[in-house]
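Chemist: Structure incoming, see below.
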Amino acid sequence: MSITHHLDDATLMSFAAGALPAALAAVAAAHVTMCARCRSDVMALEGVGAALLTALPGARIERAEPEFAPGLSPSQQRGEASAAPMQSPAPLARLLPLGLDAVRWRRLGLGLWHHRLPLKGNGALGLLRVAPGRIVPEHGHGGAELTLVLRGSFHDATGRYRTGDVADLDDSIEHEPVADPGPDCVCLFASETPARFRGLIARLMQPWHGL
Amino acid sequence: MMRLGADAGTAEDLAHETLFAVWRSAALYRAEKGSAASWIFAIARNLRIDRLRREVPWQQLPQELFEEASGETLPDAALAEKERHARVHTALSGLPPEQHEVVVLAYLEGLSHGAIAQRLGLPLGTVKSRMRIAYQKIRAALEDLR
């Protein structure tokens, strides 16, 4: 998989810091599992968090380092250590445990389908499916949004987005993405605010022409 | 943890929980796969998201990211980690205050771009570009270690 569109550096930093709103973090996490370059960025950026933590007054993390030798406790030697509390299946599997083919799409018309994903936390998250040649709707401007291609591809003035590519575009960029020939283009889409997401859906329901 | 937006009592609980989580999953930690400090930071970060924001921590721990990577192993990992850590420190302390500030607000207070903009009374774009420049400097400091 060759990925050409990555997360913005500011998005990556916010993600690694744990400061990205939940919906955006879900899409960022999904992209990171698909993209070696962004994965390496996240690891470097976690190092920034580590450096800031150890610089706090009273921090003694460095001293703990020798304690992490293998065989720390008998139960761990026996392999009884429970899974880390944060261990979880990869983000995409967590979002779509049954896979893309099991998604129950809600038809919006004009070659567009939508599926809302449950989200704990801020923002709105969903899947968008666009038939070839159809326009991927503009989500409006203002709040942060991320769009990750899961299947198929689309293109706009900023280039072609294939599986694994993420659109993390500046608000000021005007673009009108069109789904490419081939399988329907399926994207994971996140918006920082639910209101904006509702706006998107409302707009999808309107007739396209004359907008 | 208080820096992460918790009151004193919650901060203490979270600090204990972090320590417990670190202890519990210590067997999963592998020194050759990353620094202990990064790993502890990631555990604390995910706990903060889970407990304070009551959100799902989508960020995986560094180990999990490694495990999903192509299985590459790093030679002289411990030494490289030490060097990396030192360089990040130097790069961070070399940042101009306005860039350092946005980085600290994101990492230690968990503020989103929008929340930082609000806190500092700055346009969103300014916050993002300060953060971008800060990371570019840190990345440049690590370039030959990658």
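These protein sequence lines map, in sequence, to chains A and B.
All residue numbers for the first sequence refer to the working numbering, where the first residue is 1 and numbers rise by one.
All residue numbers for the second sequence refer to the working numbering, where the first residue is 212 and numbers rise by one.
Where is the CB? At the ideal position from N, CA and C, for every residue including glycine.
Here the structure is a predicted model, which is why all the values come from computation and not from measurement.
I'd like the list of long-range same chain contacts for L45/A, defined as Cβ closer than 7 Å, with 5 residues on each side in sequence excluded.
Modeler: Cβ neighbours of L45/A beyond the five flanking positions: L12, M13 and A16.
Chemist: Identify, in the order they occur along the chain, each residue of the same chain with its Cβ nearer than 7 Å to the Cβ of A29/A, setting aside the five sequence neighbours on each side.
Modeler: P91, listed in sequence order.
Chemist: Would you kindly work out how many angstroms separate the C-alpha atoms of L188/A and L150/A, rounded to a whole number?
Modeler: If I take the Cα positions, the gap works out to 7 Å.
Chemist: Helix, strand or coil, according to DSSP, for D156/A in the structure here?
Modeler: Correct three-state label for D156/A: strand.
Chemist: Note the first and the last residue of the continuous beta strand (DSSP E) segment covering C35/A.
Modeler: Neither: C35/A is in no beta strand (DSSP E) and is coded neither H nor E.
Chemist: Compare the C-beta of E189/A against all C-beta atoms of chain B and say whether one is closer than 8 Å.
Modeler: The amino acid at residue 189/A is misidentified as Glu; the sequence shows Phe. Not an interface residue.
Chemist: Closer than 7 Å by C-beta to R106/A: which residues in its own chain qualify, once you throw out the five before and the five after it? Chain order, please.
Modeler: So the qualifying residues of the chain are W113, H114 and H115.
Chemist: Against chain B, with Cβ distances strictly below 8 Å, would A50/A count as a contact?
Modeler: Judged by the 8 Å Cβ criterion, A50/A is in contact with chain B.
Chemist: Taking the C-alpha atoms as reference points, what is the distance between A84/A and K339/B?
Modeler: Unreliable positioning characterises A84/A in this predicted model, as indicated by a pLDDT of 39, which lies under 50. A coordinate reading is not provided.
Chemist: Could you tell me if Q195/B is buried or exposed, where buried requires 16 or more neighbouring beta carbons within 10 angstroms of its beta carbon?
Modeler: Outside the modelled stretch of chain B, which goes from 212 to 357, sits residue 195/B, for which no answer is possible.
Chemist: What does P91/A touch in chain B if you count any residue whose Cβ is under 8 Å from its own?
Modeler: What P91/A touches in chain B: W269 and Q271.
Chemist: What residues match up with W269/B in a beta bridge as DSSP calls it?
Modeler: BP columns for W269/B are empty, so no partner.
Chemist: My output table needs one value for E228/B: the three-state DSSP class, helix, strand or coil.
Modeler: Residue state, collapsed to three classes: helix.
Chemist: Decide if A345/B is buried, meaning its Cβ has at least 16 other Cβ atoms within 10 Å, or exposed.
Modeler: Buried.
Chemist: State yes or no: is the beta carbon of M342/B nearer than 8 Å to at least one beta carbon in chain A?
Modeler: Closer than 8 Å to some Cβ of chain A, the Cβ of M342/B qualifies, so yes.
Chemist: Hey, is R262/B's beta-carbon within less than 8 Å of any beta-carbon in chain A?
Modeler: It does not; no Cβ of chain A falls within 8 Å.
Chemist: Could you check whether the Cβ of K348/B sits closer than 8 Å to any Cβ belonging to chain E?
Modeler: Protein chains in the displayed structure are A and B, and chain E is not among them.
Chemist: Using the C-alpha atoms, what's the distance from C185/A back to G121/A?
Modeler: The alpha-carbon atoms of G121/A and C185/A are separated by roughly 27 Å.
Chemist: Of all the CB atoms in chain B, is at least one closer than 8 Å to the CB of L45/A?
Modeler: Chain B contact via Cβ: present.
Chemist: Using the Cβ count rule (16 or more neighbours within 10 Å means buried), how would you classify Q271/B?
Modeler: It is buried - the Cβ of Q271/B has at least 16 other Cβ atoms within 10 Å.
Chemist: Going by DSSP, what residue range makes up the alpha helix (DSSP H) through R151/A?
Modeler: Careful: R151/A lies outside any alpha helix (DSSP H), inside the beta strand (DSSP E) at E145 to R151.
Chemist: With DSSP collapsed to three states, give me the class of E67/A.
Modeler: Note that E67/A scores 43 on pLDDT, short of 50, meaning its location in the model is unreliable and no value can be drawn from it.
Chemist: Cβ of L53/A less than 8 Å from any chain B Cβ?
Modeler: Yes, its Cβ sits closer than 8 Å to a Cβ of chain B.
Chemist: Using the three-state DSSP reduction, which class does V42/A fall into: helix, strand or coil?
Modeler: In this structure, V42/A counts as helix in the three-state DSSP scheme.
Chemist: Can you tell me where the alpha helix (DSSP H) holding G123/A begins and where it ends?
Modeler: That residue, G123/A, is in no alpha helix (DSSP H); it is neither H nor E in DSSP.
Chemist: In the DSSP assignment, the beta strand (DSSP E) including G109/A goes from what residue to what residue?
Modeler: Unbroken beta strand (DSSP E) run through G109/A: R106 to G109.
Chemist: Quick one: which residues of the region 140–155 of chain A get their C-beta closer than 9 Å to a C-beta of chain B? List them in chain order.
Modeler: Here the close residues are G143 and A144.
Chemist: Would you call the CB atoms of L169/A and T158/A closer than 8 Å?
Modeler: Against a cut-off of 8 Å, the Cβ pair of T158/A and L169/A comes out as a contact.
Chemist: Who pairs with F252/B in a beta bridge, going by DSSP?
Modeler: Bridge partners of F252/B: none, in fact.
Chemist: How would you list, in chain order, the residues of chain A whose beta-carbon sits under 9 Å from the beta-carbon of R259/B?
Modeler: Those within 9 Å of R259/B in chain A are G18.
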